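Here the structure is laid out as structure tokens; the discussion comes afterwards.
2 protein chains.
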Amino acid sequence: MEIWYTEKLELEKGRAVSYRVTKTLDSIQSPFQKIDVFETQSFGRMFTLDGVTMVTNKDEHSYHEMIAHIPMMSHPNPESVLVIGGGDGGTVREVLKHPSVKEVVLCEIDKAVVDISYQYFPECADAMKDKRVIHHYDDGAKFARENKGRFDVILVDSSDPVGPAEVLFKEPFYRDMASALKPTGIIATQAESFWYHGDVISSLFEFIPKIFPEYGYYYTTIPTYPSGIIGFTFLSNAIDPYSVTPDISRLPKGLKYYSPEIHKAAFVLPEFAKAYIKRKR
Amino acid sequence: MEIWYTEKLELEKGRAVSYRVTKTLDSIQSPFQKIDVFETQSFGRMFTLDGVTMVTNKDEHSYHEMIAHIPMMSHPNPESVLVIGGGDGGTVREVLKHPSVKEVVLCEIDKAVVDISYQYFPECADAMKDKRVIHHYDDGAKFARENKGRFDVILVDSSDPVGPAEVLFKEPFYRDMASALKPTGIIATQAESFWYHGDVISSLFEFIPKIFPEYGYYYTTIPTYPSGIIGFTFLSNAIDPYSVTPDISRLPKGLKYYSPEIHKAAFVLPEFAKAYIKRKR
């Protein structure tokens with residue numbers, strides 16, 4: 001008998017991606033969501049939240065490098081970083097590759113995600129043991145409101161706008177984040193796929209220009225997310241994402257996806273996708 | 001009862017992409033392959049060859065624009081074009097958007113694909129009725145050998161290297177194509193995904209540098225191909241793909257995916273993918 005896991009969120013739209021499971025490693029119900037851990041035939045270990053793929057060994061580097069290094073390489077000297085969500089630790093791992101970093105606050109609402117990752121994804125999770133990492137298990141919006149002007153970079157490594165992450169796609173949360181940023185700070189947020197979620201992206205760019213004078217949208221390829229790509233907003237009071245030239249001397253060694261050339265290319269969208277994103281110029 | 005179509009080729013690797021079928025429109029066995037046509041819930045009409053998705057209404061523009069306009073915009077004056085495979089007509093449609101074109105030879109081994117496309121995909125197929133299009137139902141390698149020095153651009157719009165298209169991924173075919181090219185000509189060939197088919201890409205770049213002094217690899221995003229991306233080789237005796245600056249005055253109007261900026265960005269690969277592709281510099 002073969003066991004296959006099929007991603008749930010897309011099913012009602014008549015689309016499915018499925019993976020053959022060679023071993024079921026864990027399945028727990030946290031106060032916030034259902035967490036499953038599988039060994040898969042082709043992608044190594046995988047964990048899902050409420051039936052939606054979050055991390056696989058094979059391609060997590062694409063997501064984690066691109067959510068982290070685009071803003072980190074765009075900021076001249078990122079010292080204080082807030083990661084909202086991201087309890088697997090992969091984003092924290094990438095942030096810590098920048099020697100300028102003095103503190104990383106991980107604000108994850110669900111401690112069970114962190115515990116699962118320590119157990120099954122040490123290559124992501126072990127970075128969270130670094131002494132520069134402050135663990136905070138709380139609502140990200142509330143934490144941002146209580147820490148005005150503290151951060152150089154804020155990364156929102158969230159799940160989709162259904163369930164616990166829904167508020168992370170609404171205007172009040174973006175205003176809370178703006179208040180937690182230093183004047184030259186940068187925010188990057190997980191912002192879905194231009195192939196499948198033009199409506200979500202358009203709704204973000206309805207309010208983003210009201211809050212941030214500088215903004216953009218970039219993307220990366222990742223086969224275990226439904227359309228094979230995932231995008232991110234880039235938000236700032238001071239730094240225009242389209243004018244950044246990454247400083248090669250600060251490039252972390254050993255990256256698998258990010259390069260200064262990929263940095264520039266990631267902001268270039270197909271013609272049809274430009275309609276979802278407001279641009280200043 | 002819901003009917004779902006699941007792509008076959010990936011199943012043995014423990015991966016599957018599936019689409020909800022709202023109507024089965026046709027299913028025929030040609031001398032070369034099985035052809036199925038579906039109406040799907042989210043991607044409009046779709047046709048498959050031997051259980052592998054070829055074309056859907058929703059995203060075919062990405063593939064067809066990118067296989068065609070990258071070489072067409074890289075050539076200073078493309079007049080004579082050969083399309084091998086591509087019986088749906090989408091690639092011919094894009095080629096004909098360039099007013100310099102005087103002839104397009106469509107060399108498709110399976111006439112049944114052309115007939116199916118005329119019936120169900122007129123937005124792709126109707127371009128094949130243009131008087132500049134010469135229909136030729138034959139083996140592409142044989143046709144290339146018999147037409148030395150005839151073409152400015154050759155596009156290989158093939159299925160995967162299994163079944164009838166297997167020979168299109170081998171060195172003899174590339175030598176035949178080289179012989180059919182004018183001295184300043186350019187070839188682009190469908191060349192799989194850097195996420196899933198690094199072995200196929202590497203095997204192409206074992207022999208490509210022996211035949212072509214200039215070469216490169218570029219890609220596009222497309223959700224109904226298994227990993228969400230598909231790549232292409234770019235081959236030439238004279239034109240370095242990495243030095244091309246597309247002439248904006250020659251840009252066809254109304255494109256949905258291609259732009260001169262996407263042209264440059266499409267050649268920028270993730271760090272891990274560079275290992276599959278030999279580059280001169």
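Protein chains in written order, with full-length UniProt numbering: chain C, 1 to 281; chain W, 1 to 281. Note that CB positions come from ideal geometry on N, CA and C, so glycine has one too. Because the structure is a prediction, the values reported are computed rather than measured.
Can you check which of these residues, the options, is closest to residue i by C-alpha distance?
{"i": "Pro246/W", "options": "His75/W, Met177/W, Glu12/W, Glu65/W", "result": "His75/W"}
{"i": "Phe32/W", "options": "Asn77/W, Ser18/W, Gly85/W", "result": "Gly85/W"}
{"i": "Val81/W", "options": "Gly44/W, Phe267/W, Thr184/W", "result": "Thr184/W"}
{"i": "Ile3/W", "options": "Leu11/C, Glu2/C, Ile3/C, Met72/C", "result": "Leu11/C"}
{"i": "Val17/C", "options": "Val21/W, Glu7/W, Thr24/W, Glu39/W", "result": "Glu7/W"}
{"i": "Arg145/C", "options": "Asn77/C, Cys107/C, His98/C, Ile134/C", "result": "Cys107/C"}
{"i": "Met72/W", "options": "Gln190/W, Phe234/W, Ser193/W", "result": "Phe234/W"}
{"i": "His98/W", "options": "Glu206/W, Arg132/W, Gly228/W, Arg15/W", "result": "Arg132/W"}
{"i": "Ile28/W", "options": "Leu9/W, Tyr217/W, Lys111/W", "result": "Lys111/W"}
{"i": "Phe151/C", "options": "Gly198/C, Lys23/C, Asn237/C, Asp130/C", "result": "Asn237/C"}
{"i": "Gly87/W", "options": "Ser158/W, Asp36/W, Lys13/W, Lys182/W", "result": "Ser158/W"}
{"i": "Pro78/C", "options": "Val200/C, Ala275/C, Arg45/C, Ile239/C", "result": "Ile239/C"}
{"i": "Glu65/C", "options": "Ile230/C, Ile277/C, Tyr242/C", "result": "Ile230/C"}
{"i": "Ala141/C", "options": "Gly216/C, Phe272/C, Ala68/C, Lys170/C", "result": "Lys170/C"}
{"i": "Val114/W", "options": "Ser203/W, Ser30/W, Arg250/W", "result": "Ser30/W"}
{"i": "Arg250/W", "options": "Ile70/W, Arg20/W, Tyr5/W, Leu25/W", "result": "Ile70/W"}
{"i": "His197/C", "options": "Glu123/C, Thr22/C, Ile277/C", "result": "Ile277/C"}
{"i": "Val175/W", "options": "Ser117/W, Phe212/W, Ala68/W, Ile201/W", "result": "It should be noted that the sequence gives Arg, not Val, for residue 175/W. It is Phe212/W whose Cα lies nearest to the Cα of Arg175/W."}
{"i": "Tyr19/W", "options": "Arg20/C, Lys13/C, Tyr19/C", "result": "Lys13/C"}
{"i": "Leu96/C", "options": "Met1/C, Lys129/C, His263/C", "result": "Lys129/C"}
{"i": "Ser243/W", "options": "Ala273/W, Gly254/W, Lys264/W, Ile116/W", "result": "Lys264/W"}
{"i": "Ala127/W", "options": "Pro161/W, Ala165/W, Val83/W, Phe143/W", "result": "Val83/W"}
{"i": "Arg93/C", "options": "Met177/C, Val268/C, Gly254/C", "result": "Gly254/C"}
{"i": "Gly216/W", "options": "Glu206/W, Ser203/W, Phe232/W", "result": "Phe232/W"}
{"i": "Phe205/W", "options": "Ala275/W, Met1/W, Asn147/W, Ile248/W", "result": "Ala275/W"}
{"i": "Lys182/C", "options": "Glu166/C, Asn147/C, Val200/C, Ser203/C", "result": "Asn147/C"}
{"i": "Ser203/W", "options": "Met1/W, Lys34/W, Glu166/W", "result": "Glu166/W"}
{"i": "Ala178/C", "options": "Pro161/C, Phe143/C, Asp160/C", "result": "Phe143/C"}
So residue i packs on residue j, CB below 8 Å; how close in whole Å?
{"i": "Val156/W", "j": "Leu168/W", "result": "6 Å"}
{"i": "Met54/W", "j": "Phe43/W", "result": "Rounded, the Cβ-Cβ distance is 12 Å, inconsistent with contact."}
{"i": "Pro209/C", "j": "Ser62/W", "result": "Going by Cβ atoms, the distance from Pro209/C to Ser62/W rounds to 28 Å, so no, they are not a contact pair."}
{"i": "Ala266/W", "j": "Thr220/W", "result": "6 Å"}
{"i": "Asp139/C", "j": "Ile109/C", "result": "6 Å"}
{"i": "Leu9/C", "j": "Val37/C", "result": "Actually they are not in contact, since the Cβ atoms of Leu9/C and Val37/C sit about 18 Å apart, beyond 8 Å."}
{"i": "Asp50/W", "j": "Gly163/W", "result": "6 Å"}
{"i": "Thr56/C", "j": "Glu39/C", "result": "With 8 Å as the limit, Thr56/C and Glu39/C do not qualify as a contact, their Cβ atoms being about 10 Å apart."}
{"i": "Cys124/C", "j": "Gly89/C", "result": "4 Å"}
{"i": "Thr91/W", "j": "Ile116/W", "result": "Rounded, the Cβ-Cβ distance is 16 Å, inconsistent with contact."}
{"i": "Tyr120/W", "j": "Arg45/W", "result": "6 Å"}
{"i": "Glu214/W", "j": "Pro241/W", "result": "7 Å"}
{"i": "Val268/C", "j": "Ile262/W", "result": "6 Å"}
How far does the alpha helix (DSSP H) with residue i in it extend, from its first residue to its last?
{"i": "Ile204/W", "result": "With the sequence shown as reference, residue 204/W is identified as Leu, and Ile is not the correct amino acid for it. Segment 198-211, the alpha helix (DSSP H) holding Leu204/W."}
{"i": "His263/C", "result": "260-265"}
{"i": "Ala125/W", "result": "122-125"}
Per DSSP, what are the beta-bridge partners of residue i in this structure?
{"i": "Thr233/C", "result": "Thr189/C, Tyr217/C"}
{"i": "Tyr5/W", "result": "Tyr19/W"}
{"i": "Asp240/W", "result": "According to DSSP, Asp240/W bridges with nothing at all."}
{"i": "Cys107/W", "result": "Ile84/W, His136/W"}
{"i": "Ser27/C", "result": "Asp36/C"}
{"i": "Thr56/C", "result": "Met46/C"}
{"i": "Leu251/W", "result": "According to DSSP, Leu251/W bridges with nothing at all."}
{"i": "Leu181/W", "result": "Phe151/W"}
Could you spell out the range, first to last residue, of the beta strand (DSSP E) harbouring residue i?
{"i": "Gly89/C", "result": "Careful: Gly89/C lies outside any beta strand (DSSP E) and carries neither H nor E."}
{"i": "Ile36/C", "result": "Checking the sequence, you will find Asp at residue 36/C rather than Ile. From DSSP, the beta strand (DSSP E) with Asp36/C extends over 34-40."}
{"i": "Asp157/W", "result": "151-157"}
{"i": "Met46/C", "result": "44-49"}
Step through the CB atoms of chain B and report whether any lies within less than 9 Å of the CB of residue i.
{"i": "Gln41/C", "result": "This model lacks chain B altogether, as its protein chains are C and W."}
Take every Cβ of the segment 100-116 of chain W, pair it with every Cβ of the segment 258-278 of chain W, and state whether three or more of those distances are shorter than 8 Å. No, the segment 100-116 of chain W does not touch the segment 258-278 of chain W.
Stretch-stretch touch, CB-based, cutoff 8 Å, three pairs: the segment 189-198 of chain C with the segment 212-231 of chain C: Verdict: yes, contact present.
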